[in-house]
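Participant: Residue numbers (the numbering used here), protein chains in the order written: chain A, 31 to 193; chain B, 31 to 193. Here a beta-carbon is modelled for each residue, glycine too, at the ideal position from N, C-alpha and C.
Here it is in structure tokens:
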């Protein structure tokens, strides 16, 4: 394995580890717990779940991996804060979306060659990329892994036990 | 820049971004806010600050970058849960430790060649590394960046405004 392939593998392992942990955590919440705020006056768990699903769905287009599966989630979970949407998807629907989006991402990630991870991401121009080659797909992956960890740390607080 | 150097740079950028944000967040808490729990019945902000400082300090030995600066923090912030230590360091002391440890890490990171990031970390044997070369310094860096993001997401909840 070249060190280029190795670095991609390390980054993918890191993503997969956090995504599996997040998936399990959300799936294990009861319907009541999903409606709990992560802390007084803050987002509800279900909102964070939808938010992460929408942000992961958007990675498909940012990374140039094909059309998004659920762009309709943005209006509820990204452009607007919690408690503004009149109706949220049910827990069952959210679990379906989460699984669809994250399964699709993993299968698309597996198709990319190590070289392709070092190509620019699609939210930036060729010109900007030439100036800063660190703004590549790998950087997006690490940034979204951190984003998921950040929110995972929050939703854990709404569980009835543990830290 | 080779893609090996590029991957190290992307991972270091990701670490630096989260570490700077965490450092600013902790420094901006008032003494009173530092004693707040991140959510009812959960860790206090000051405990999380000490915990991250201790875990980052331990990276020096795990990554083979020299002796730890503050191993004494482990007993208070790692081996024991919050509210068990009779006395915690003051906010001023914690800020000093945080700055020392994170400055030292950045300067040691800068000394490592790209190749060295792909060498095994010191918490594992040569034999295990031969079986799984993804268990290298880079993997430790990504894992600790996620760990920091996880706790950063929690302490943000104790601020009086924002999400």
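1) Alpha carbon to alpha carbon, how far is residue 147 (chain A) from residue 193 (chain B)? Give it in angstroms, no decimals.
2) For residue 46 (chain A), name the three-state secondary structure that DSSP assigns.
3) Is there a C-beta anywhere in chain A that falls below 9 Å from the one on residue 152 (chain B)?
4) Three Cβ pairs or more, each shorter than 8 Å: is that satisfied between the stretch 73-80 of chain B and the stretch 92-100 of chain B?
5) Skipping 5 residues on each side, what residues in its chain have a beta carbon closer than 7 Å to that of residue 149 (chain A)?
6) Using a Cβ-Cβ distance cut-off of 9 Å, determine whether residue 159 (chain A) contacts chain B.
7) Let me see if you follow: with CB-CB separation under 9 Å, is residue 193 (chain A) close to chain B or not?
8) Closer than 7 Å between beta carbons: that is the criterion. Which residues of the stretch 169-181 of chain A meet it against chain B?
9) For residue 49 (chain B), count neighbouring C-beta atoms within 10 Å of its own C-beta (all shown protein chains included) and say buried if the count is 16 or more, exposed if not.
10) Step through the CB atoms of chain A and report whether any lies within less than 9 Å of the CB of residue 163 (chain B).
11) State the DSSP-derived secondary structure class of residue 141 (chain A), mapped to helix, strand or coil.
12) Report yes or no: do three or more beta-carbon pairs, one from the stretch 40-60 of chain B and one from the stretch 45-62 of chain A, lie closer than 8 Å?
13) By a C-beta neighbour count over all protein chains shown, 10 Å radius and 16 as the cutoff for buried, is residue 74 (chain B) buried or exposed?
14) Under the assumption that residue 175 (chain B) contacts residue 176 (chain A) (Cβ atoms under 8 Å), give the Cβ distance between them as a whole number of angstroms.
15) Taking Cβ to Cβ, would you say residue 36 (chain B) is nearer than 9 Å to residue 89 (chain B)?
16) Report whether the distance from the Cβ of residue 183 (chain B) to the nearest heavy atom of the ligand HEM is below 8 Å.
17) Where does residue 174 (chain A) fall in DSSP's three states?
18) Buried or exposed, going by whether 16 or more other CB atoms sit within 10 Å of the CB of residue 113 (chain A)?
19) Considering residue 148 (chain B), what are the terminal residues of the alpha helix (DSSP H) in which it resides?
20) By the 8 Å beta-carbon criterion, what residues does the stretch 64-86 of chain A contribute toward chain B?
21) State buried or exposed for residue 158 (chain A), treating a residue as buried only when at least 16 other CB atoms are found within 10 Å of its CB.
22) Just confirm the distance between the C-beta atoms of residue 65 (chain A) and residue 69 (chain B), as a whole number of angstroms; I'd bet it's less than 8 Å.
23) For residue 156 (chain A), which of helix, strand or coil comes out of DSSP?
24) Does any residue of chain B have a CB that is nearer than 9 Å to the CB of residue 38 (chain A)?
25) Can you find a CB in chain B that lies within less than 9 Å of the CB of residue 129 (chain A)?
26) Among A:190, A:170, A:163, A:184, which residue has its Cα nearest to the Cα of residue 31 (chain B)?
Facilitator: This is what the structure holds:
1) Any reading at residue 193 (chain B) needs caution, since the residue's pLDDT is 43, under 50, leaving its predicted position unreliable; the model's value is listed next. Taking the straight line joining both Cα atoms gives about 31 Å.
2) helix
3) no
4) no
5) 166, 167
6) no
7) Note that residue 193 (chain A) scores a pLDDT of 43, beneath 50, so its modelled location is shaky and nothing firm can be said.
8) 169, 172, 173, 175, 176, 179, 180, 181
9) buried
10) Chain A, which has a Cβ nearer than 9 Å to the Cβ of residue 163 (chain B), makes this yes.
11) helix
12) By the Cβ test, the stretch 40-60 of chain B is not in contact with the stretch 45-62 of chain A, since fewer than three Cβ pairs between them sit closer than 8 Å.
13) buried
14) 6 Å
15) no
16) No copy of the ligand HEM occurs in the structure displayed, which carries no ligand at all.
17) helix
18) exposed
19) Looking at the DSSP string, residue 148 (chain B) is not in any alpha helix (DSSP H), and its letter there is neither H nor E.
20) Within the stretch 64-86 of chain A, the residues whose Cβ lies closer than 8 Å to some Cβ of chain B are 68, 69, 70, 72, 73, listed in chain order.
21) exposed
22) 15 Å between Cβ atoms; not a contact.
23) helix
24) The beta carbon of residue 38 (chain A) falls within 9 Å of a beta carbon belonging to chain B, placing the residue at that interface.
25) no
26) For the residues A:190, A:170, A:163, A:184, the minimum Cα distance to residue 31 (chain B) belongs to A:163.
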